[in-house]
Amino acid sequence: YLSYDEQEKYEPFGDMARIMSRSRTGRDFVNVADLEGDDAKYSPGNTVWLRGRLHSIRVKGGSCFLVLRQDSFHTVQAVFFKDKENPEFSQKMI
Numbered sequence: 006y007l008s009y010d011e012q013e014k015y016e017p018f019g020d021m022a023r024i025m026s027r028s029r030t031g032r033d034f035v036n037v038a039d040l041e042g043d044d045a046k047y048s049p050g051n052t053v054w055l056r057g058r059l060h061s062i063r064v065k066g067g068s069c070f071l072v073l074r075q076d077s078f079h080t081v082q083a084v085f086f087k088d089k090e091n092p093e094f095s096q097k098m099i
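Residue numbers for the sequence shown follow the numbering used here, so the first one is 6 and each next one is one higher.
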């Protein structure tokens, strides 16, 4: 099995190492349902880790929109913008 301690051996992709189901990361993942509503545990601007299925992806110009789905009803949209300082590298991400 892959190990969190050996993640430096994996080929890098973006600014984070790969997260594989067989390895332990020690990260605390958040439920998408906890991000919205009157009793939301997190407010806009907080940094959180999400785990879900990629429902859809759209590329438009210098940006990429991802929709992540958890369970059957909870979705969240994430966006990645092309970096103006390093456009070649961020273009590979898009």
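C-beta: ideal position from N, C-alpha, C; glycine also.
With DSSP run on the structure shown, which of helix, strand or coil describes residue i?
{"i": "Val81", "result": "strand"}
{"i": "His72", "result": "Per the sequence shown, residue 72 should be read as Val rather than His. Val72: strand per DSSP, three-state reduction."}
{"i": "Tyr6", "result": "Note that Tyr6 scores 44 on pLDDT, short of 50, meaning its location in the model is unreliable; the coordinates nonetheless yield the value given after this. Of the three classes helix, strand and coil, the one that applies to Tyr6 here is coil, per DSSP."}
{"i": "Val64", "result": "strand"}
{"i": "Val53", "result": "coil"}
Does the distance from the CB of residue i to the CB of residue j come in under 8 angstroms?
{"i": "Arg74", "j": "Arg58", "result": "yes"}
{"i": "Val53", "j": "Val35", "result": "yes"}
Short of 6 angstroms in beta carbon distance, which residues of its chain neighbour residue i, apart from the five on each side in sequence? Order them along the chain.
{"i": "Lys46", "result": "Asp39"}
{"i": "Val37", "result": "Gln75, His79 and Val81"}
{"i": "Lys14", "result": "none"}
{"i": "Pro92", "result": "none"}
Thinking residue i and residue j are a contact (beta carbons under 8 angstroms), I'd like their distance in whole angstroms, please.
{"i": "Lys87", "j": "Ser68", "result": "7 angstroms"}
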